[in-house]
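Engineer: In terms of my numbering, the sequence shown opens at residue 15 and continues consecutively.
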Amino acid sequence: MSTALRICPLCEATCGLTLTLDGDRVTGARGDRDDVFSQGFICPKGASFGEVDADPDRLAGPLVRKDGTLQEATWEEAFDTVAARIRPLIEEHGPDAVAVVLGNPNVHTMAGALYPPLLIGALRTRNLFTASTLDQMPKHVSSGLLFGDPFAIPVPDLDRTDHLLMLGANPLESNGSLCTAPDFPGKLKALRRRGGTLTVVDPRRTRTARLADRHVAIRPGTDALFLAALVHTLFAEDLADPGPLAEHVLGVEDVREAVREFTPEAVADACDLDAATIRTVARELAAAPTAAVYGRMGSSTVAYGTLANWLVDVLNILTGNLDRPGGALFPLSATAPAPRPAGPGKGFTLGRWSSRVSGHPEAKGELPMAALAEEIQTGGEGRVRAVITLASNPVLSAPDGLRLDRALGSLDLMVAVDPYLNETTRHADVVLPPPPPSRSAHFDFSFNGLAVRNQVRFTPAAVPLEEARMDECEIHARLILAVSGMHGAPPSAVDDLAIDTTLAKAVAQEHSPVHGADPKAVAARLSGATGPLRRLDMMLRLGPYDLTLDDLLRAPHGIDLGPLEPRLPGPLKTRSGRVELLPAPIADDLPRLRAALGTAPGGLVLVGRRHLRSNNSWLHNAPSLNSGSNRCTLQVHPADADRLGLADGKPARIAAEGGALEVEVEVTDAVRSGVVSLPHGWGHDRPGTRLAVAAARPGVNVNQLLDGSRLDPLSGTAVLNGFPVELTPLP
Ligand SMILES: Nc1nc2c(c(=O)[nH]1)N[C@H]1C(S)=C(S)[C@@H](COP(=O)(O)OP(=O)(O)OC[C@H]3O[C@@H](n4cnc5c(=O)[nH]c(N)nc54)[C@H](O)[C@@H]3O)O[C@H]1N2
Ligand SMILES: Nc1nc2c(c(=O)[nH]1)N[C@H]1C(S)=C(S)[C@@H](COP(=O)(O)OP(=O)(O)OC[C@H]3O[C@@H](n4cnc5c(=O)[nH]c(N)nc54)[C@H](O)[C@@H]3O)O[C@H]1N2
Ligand code: SF4
Ligand SMILES: [Mo]
Numbered sequence: 015m016s017t018a019l020r021i022c023p024l025c026e027a028t029c030g031l032t033l034t035l036d037g038d039r040v041t042g043a044r045g046d047r048d049d050v051f052s053q054g055f056i057c058p059k060g061a062s063f064g065e066v067d068a069d070p071d072r073l074a075g076p077l078v079r080k081d082g083t084l085q086e087a088t089w090e091e092a093f094d095t096v097a098a099r100i101r102p103l104i105e106e107h108g109p110d111a112v113a114v115v116l117g118n119p120n121v122h123t124m125a126g127a128l129y130p131p132l133l134i135g136a137l138r139t140r141n142l143f144t145a146s147t148l149d150q151m152p153k154h155v156s157s158g159l160l161f162g163d164p165f166a167i168p169v170p171d172l173d174r175t176d177h178l179l180m181l182g183a184n185p186l187e188s189n190g191s192l193c194t195a196p197d198f199p200g201k202l203k204a205l206r207r208r209g210g211t212l213t214v215v216d217p218r219r220t221r222t223a224r225l226a227d228r229h230v231a232i233r234p235g236t237d238a239l240f241l242a243a244l245v246h247t248l249f250a251e252d253l254a255d256p257g258p259l260a261e262h263v264l265g266v267e268d269v270r271e272a273v274r275e276f277t278p279e280a281v282a283d284a285c286d287l288d289a290a291t292i293r294t295v296a297r298e299l300a301a302a303p304t305a306a307v308y309g310r311m312g313s314s315t316v317a318y319g320t321l322a323n324w325l326v327d328v329l330n331i332l333t334g335n336l337d338r339p340g341g342a343l344f345p346l347s348a349t350a351p352a353p354r355p356a357g358p359g360k361g362f363t364l365g366r367w368s369s370r371v372s373g374h375p376e377a378k379g380e381l382p383m384a385a386l387a388e389e390i391q392t393g394g395e396g397r398v399r400a401v402i403t404l405a406s407n408p409v410l411s412a413p414d415g416l417r418l419d420r421a422l423g424s425l426d427l428m429v430a431v432d433p434y435l436n437e438t439t440r441h442a443d444v445v446l447p448p449p450p451p452s453r454s455a456h457f458d459f460s461f462n463g464l465a466v467r468n469q470v471r472f473t474p475a476a477v478p479l480e481e482a483r484m485d486e487c488e489i490h491a492r493l494i495l496a497v498s499g500m501h502g503a504p505p506s507a508v509d510d511l512a513i514d515t516t517l518a519k520a521v522a523q524e525h526s527p528v529h530g531a532d533p534k535a536v537a538a539r540l541s542g543a544t545g546p547l548r549r550l551d552m553m554l555r556l557g558p559y560d561l562t563l564d565d566l567l568r569a570p571h572g573i574d575l576g577p578l579e580p581r582l583p584g585p586l587k588t589r590s591g592r593v594e595l596l597p598a599p600i601a602d603d604l605p606r607l608r609a610a611l612g613t614a615p616g617g618l619v620l621v622g623r624r625h626l627r628s629n630n631s632w633l634h635n636a637p638s639l640n641s642g643s644n645r646c647t648l649q650v651h652p653a654d655a656d657r658l659g660l661a662d663g664k665p666a667r668i669a670a671e672g673g674a675l676e677v678e679v680e681v682t683d684a685v686r687s688g689v690v691s692l693p694h695g696w697g698h699d700r701p702g703t704r705l706a707v708a709a710a711r712p713g714v715n716v717n718q719l720l721d722g723s724r725l726d727p728l729s730g731t732a733v734l735n736g737f738p739v740e741l742t743p744l745p
């Protein structure tokens with residue numbers, strides 16, 4: 015028996031785990047009490063790391079389709095097949111014939127951070143689809159427009175704030191998102207213990223809402239109206255005061271004008287809230303010594319998602335809480351490039367190109383995931399003929415899975431980098447499985463930049479890689495070589511090229527720690543046994559803290575880099591060099607929101623929910639995470655159940671524009687009336703998958719209710735929350 019440290023890759027909290035090992039098997043996991051960031055915290059998912067790691071349904075080696083069926087193959091055969099089949103497609107039909115689809119776990123692996131940008135660059139395709147347009151793209155767009163950088167995302171200072179206004183997030187189940195905080199629940203309890211206040215805006219009385227001082231049970235899809243009324247109230251009551259931020263902000267008066275019509279009375283019916291409640295929330299926010307407004311999924315994957323995300327930061331700014339301790343601050347990650355001197359930047363542009371079929375504008379170089387199926391199925395020049403999925407299961411996670419299912423089945427070529435044969439990857443011609451997480455080194459390139467405290471940690475692979483396995487970084491590197499006509503070159507060539515390109519730029523930048531140096535000499539000094547580790551070492555050396563990989567190896571429980579600090583105007587990359595509070599695309603979208611004033615839609619709408627022991631679609635195959643009573647139930651308020659003749663535990667038919675499902679009803683007053691809730695990630699009943707545990711409890715796919723036509727127009731994000739449904743009892 016031995017132990018090894020491993021940062022948990024199962025959610026955004028990035029807890030440090032201590033694994034117990036019996037030979038090469040992980041037999042247990044507990045929280046690492048010495049971890050500088052998570053200090054011993056662990057949740058049920060982390061505790062099941064060993065089970066997830068050793069899942070017998072994980073693919074042991076590559077699969078290649080031969081004579082119509084997926085068969086075991088060598089790595090060489092697998093990459094030969096990719097290279098032989100993709101190059102002719104690109105040469106004949108152009109780079110856009112290949113679409114890349116990136117799923118959520120890419121933010122939880124080193125490979126997913128280091129290689130996809132190179133793959134997309136090598137392919138030169140504009141057909142990039144990611145889970146962001148099912149999730150946080152509205153935040154990227156809002157940050158891009160406000161701050162000039164889609165990755166400049168302010169994070170609520172959970173440990174120090176006096177007041178947290180949280181919308182559409184349920185960290186007691188999700189453990190937090192775009193706010194990396196191990197033990198988020200504990201931090202909320204600590205906020206209340208130190209006399210702070212928590213307001214939760216959610217149509218469901220979630221476990222998080224039950225912890226709050228105030229729960230505002232808003233009608234789904236109306237957060238932008240509610241937030242606009244808060245901004246209106248700040249102006250109307252002379253409470254808007256950016257304080258020292260004022261010198262960095264343009265357009266405060268424009269915003270006052272833009273929200274003039276959004277009085278609490280004007281939004282009350284649409285939000286189904288009292289005008290008095292809205293005023294109280296605004297006054298409490300303004301009165302708090304420090305406060306942070308934080309919105310997630312429920313205010314993002316909605317019809318006015320970008321407007322809502324914009325208003326969140328408008329409130330942080332108008333109350334003087336952006337960029338101050340206790341407010342919402344910009345983290346500074348150890349692998350972020352060393353900050354450049356403040357001043358005007360290039361700004362952020364939307365719609366530099368559009369999707370071929372429906373003309374959806376790109377955002378951050380991405381097209382809406384909801385438009386992938388039509389790009390495959392609609393004939394003509396530029397049609398998508400090949401798809402590469404990296405850690406993605408869009409058949410379950412995106413709207414209208416049945417259509418996507420058929421579309422993927424019709425491709426000339428599909429390649430999947432994925433450990434499972436699931437609803438999506440069953441269509442692949444080549445499946446390239448990464449090893450279980452215990453076999454991979456880990457570093458959080460994304461989440462360190464979203465963390466509530468600056469810190470840095472690295473964990474080497476806990477168990478050596480078996481001979482027959484291939485590290486996911488190497489899989490990605492070989493895939494890049496295969497698609498770019500360099501099949502057979504050593505994978506380190508990809509890393510060397512990335513290092514050379516980065517260093518060539520860095521040495522020319524005056525603010526870089528390597529300014530003026532010889533790039534070859536800098537490259538020669540990099541340490542790390544593999545290409546990806548050398549790249550990590552390089553990024554640390556180019557970063558703001560003067561760190562190296564060796565420093566991280568000497569500190570296995572991590573290095574604390576201190577609380578978040580004010581950074582403005584440093585992070586601003588707008589053309590003006592200031593925060594542009596009312597950007598033109600936002601102003602142009604406001605009439606759509608104004609049109610909703612004074613309305614009070616009737617009928618039932620659906621929202622999602624998450625369960626602590628889940629992670630989107632892919633953790634339903636671990637027995638200890640998928641046990642007990644059915645979790646894929648439709649929650650219905652007792653008043654709605656009475657009215658519709660629905661009974662607890664009985665079946666019902668739910669229908670919307672994309673299709674109909676048979677669901678089990680759960681009558682509960684945890685959802686407000688007029689709202690029903692069904693979780694996502696279920697529907698494991700398709701043939702040709704290898705997910706024994708999940709298939710035995712398949713559940714239904716909520717996204718089949720959608721047809722992909724409901725999008726937040728600015729970000730291309732699918733409306734997954736707050737869409738109308740019809741419900742009828744079944745005998
Ligand atoms: N209705 C509704 N739909 C939703 C949501 C919702 O709230 N409601 N949530 C949305 C959100 S926030 C997201 S992020 C998306 C997620 O959408 P996806 O990313 O498409 O879905 P996941 O279920 O996370 O699928 C992850 C895939 O990665 C694979 N995988 C797991 N670990 C690894 C690994 O280490 N390497 C590789 N290469 N692959 C791995 C899994 O086998 C699985 O195939 O779903 C979205 N869909
Ligand atoms: N256990 C578990 N943890 C996870 C995941 C998981 O699937 N399971 N997924 C991970 C991923 S990829 C992500 S992105 C994060 C997401 O993490 P969170 O953003 O915390 O997501 P949810 O738990 O879906 O919470 C969204 C809340 O919004 C509410 N809501 C729905 N519509 C509206 C609305 O119109 N207005 C308001 N104000 N609220 C609304 C819902 O009732 C729900 O409680 O979780 C991550 N962590
Ligand atoms: S909270 Fe997230 S990171 Fe921490 S143990 Fe649980 S799943 Fe892992
Ligand atoms: Mo997500």
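Note that the Cβ used here is the ideal one computed from N, Cα and C, for glycine as well.
So, is the C-beta of D414 closer than 8 angstroms to a C-beta in chain C?
Structural biologist: Of the chains in the structure shown, none is chain C; there is only one protein chain.
Engineer: Helix, strand or coil for Q53 per DSSP?
Structural biologist: Of the three classes helix, strand and coil, the one that applies to Q53 here is coil, per DSSP.
Engineer: Once you ignore the five residues that flank N184 on each side, which residues in its own chain have a CB closer than 6 angstroms to its CB?
Structural biologist: Contacts found: T220, T222.
Engineer: Rounded to whole angstroms, how far is the Cβ of L31 from the Cβ of G60, which I believe are closer than 8 angstroms?
Structural biologist: So it is a contact: roughly 6 angstroms between Cβ atoms.
Engineer: What is the DSSP secondary structure of L586, reduced to helix, strand or coil?
Structural biologist: DSSP places L586 in coil when its eight states are reduced to three.
Engineer: Does ligand 2 have even one heavy atom less than 7 angstroms from the beta-carbon of H625?
Structural biologist: Yes, the beta carbon of H625 sits closer than 7 angstroms to at least one heavy atom of ligand 2.
Engineer: Measuring only from the beta carbon, is L181 closer than 7 angstroms to any heavy atom that is part of ligand 2?
Structural biologist: Yes.
Engineer: Which residue or residues does DSSP assign as beta-bridge partners of P743?
Structural biologist: Answer is A666, bridged to P743.
Engineer: Taking only heavy atoms of ligand 4 into account, decide whether any of them is closer than 7 angstroms to the Cβ of A145.
Structural biologist: Indeed, a heavy atom of ligand 4 lies less than 7 angstroms from the Cβ.
Engineer: Is D216 helix, strand or coil by DSSP?
Structural biologist: If DSSP states are grouped into helix, strand and coil, D216 belongs with coil.
Engineer: Helix, strand or coil for N468 per DSSP?
Structural biologist: Strand, per DSSP.
Engineer: Looking at the strands, I want to know which residues DSSP matches up with R293.
Structural biologist: DSSP lists no partner for R293.
Engineer: Would you say E486 touches ligand 1, meaning its beta carbon is less than 7 angstroms from a heavy atom?
Structural biologist: True, at least one ligand heavy atom lies under 7 angstroms from that Cβ.
Engineer: Would you please state the rounded distance, in angstroms, between the beta carbons of V281 and G309? I believe it to be under 8 angstroms.
Structural biologist: Actually they are not in contact, since the Cβ atoms of V281 and G309 sit about 16 angstroms apart, beyond 8 angstroms.
Engineer: Taking only runs that begin and end inside the stretch 600–683, name each unbroken beta strand (DSSP E) of 3 or more residues, in chain order.
Structural biologist: Entirely contained in the stretch 600–683, the beta strand (DSSP E) runs reaching 3 residues are, in chain order, 618–621, 647–650, 665–670, 673–681.
Engineer: For N735, is the beta carbon positioned less than 7 angstroms from some heavy atom of ligand 2?
Structural biologist: True, at least one ligand heavy atom lies under 7 angstroms from that Cβ.
Engineer: Go to D36, then tell me how far its beta strand (DSSP E) extends in each direction, as first and last residue.
Structural biologist: Segment 30–36, the beta strand (DSSP E) holding D36.
Engineer: Kindly indicate the opening and closing residues of the beta strand (DSSP E) around A18.
Structural biologist: Per DSSP, A18 belongs to the beta strand (DSSP E) from 16–21.
Engineer: Going by DSSP, what residue range makes up the alpha helix (DSSP H) through I494?
Structural biologist: That run of the alpha helix (DSSP H) goes 486–497.
Engineer: Assuming V536 contacts F161 under a Cβ cut-off of 8 angstroms, what Cβ separation, rounded to an integer in Å, is found between them?
Structural biologist: In fact, because the Cβ distance is near 30 angstroms, the residues do not count as touching under 8 angstroms.
Engineer: Sort P375, S372, R79 by Cα distance to R99 and report the nearest one.
Structural biologist: R99 has its Cα closest to that of R79, out of P375, S372, R79.
Engineer: For the candidate residues V263, V497, P448, A243, whose alpha-carbon lies nearest to that of P278?
Structural biologist: That would be A243, whose Cα lies nearest to the Cα of P278.
Engineer: Please indicate yes or no: does the CB of P196 lie closer than 7 angstroms to some heavy atom of ligand 3?
Structural biologist: Yes, ligand 3 has a heavy atom inside 7 angstroms of this Cβ.
Engineer: So does G672 have its beta carbon nearer than 7 angstroms to some heavy atom of ligand 1?
Structural biologist: No, the Cβ of G672 stays beyond 7 angstroms of every heavy atom of ligand 1.
Engineer: With hydrogens ignored, establish whether the beta-carbon of S191 is closer than 7 angstroms to any heavy atom of ligand 2.
Structural biologist: S191: yes, Cβ under 7 angstroms from ligand 2.
Engineer: Should N629 be listed as close to ligand 4, given that the test is whether its C-beta is under 7 angstroms from any heavy atom?
Structural biologist: No.
Engineer: Measuring from the CB of K59, is there a heavy atom of ligand 5 at a distance below 7 angstroms?
Structural biologist: Absence of ligand 5 from the depicted structure is noted, with ligand 1, ligand 2, ligand 3 and ligand 4 being the only ligands included.
Engineer: Could you tell me how far apart the beta carbons of T403 and D443 are, in whole angstroms, since I believe they sit closer than 8 angstroms?
Structural biologist: The pair is not a contact, with the Cβ atoms about 12 angstroms apart (cut-off 8 angstroms).
Engineer: Which stretch, first to last residue, makes up the beta strand (DSSP E) that contains H441?
Structural biologist: Segment: none, H441 is in no beta strand (DSSP E) and carries neither H nor E.
Engineer: By alpha-carbon positions, which one of A226, H490, E380 ends up nearest to V215?
Structural biologist: Closest option to V215, Cα to Cα, is A226.
Engineer: Does any heavy atom of ligand 1 sit closer than 7 angstroms to the C-beta of M311?
Structural biologist: M311 Cβ: within cutoff of ligand 1.
Engineer: Please report how far the alpha carbon of R39 lies from the alpha carbon of T473, in whole angstroms.
Structural biologist: Each residue's alpha carbon lies about 17 angstroms from the other.
Engineer: What is the DSSP secondary structure of G309, reduced to helix, strand or coil?
Structural biologist: If DSSP states are grouped into helix, strand and coil, G309 belongs with the strands.
Engineer: Return the first residue and the last residue of the beta strand (DSSP E) that H501 is part of.
Structural biologist: Per DSSP, H501 belongs to no beta strand (DSSP E) and is neither H nor E.
Engineer: When burial is assigned at 16 or more other CB atoms within 10 Å of the CB, is E524 buried or exposed?
Structural biologist: Per the 10 Å Cβ criterion, exposed.
Engineer: Helix, strand or coil: how does DSSP classify G64 here?
Structural biologist: The answer is helix: DSSP assigns G64 an H, G or I state.
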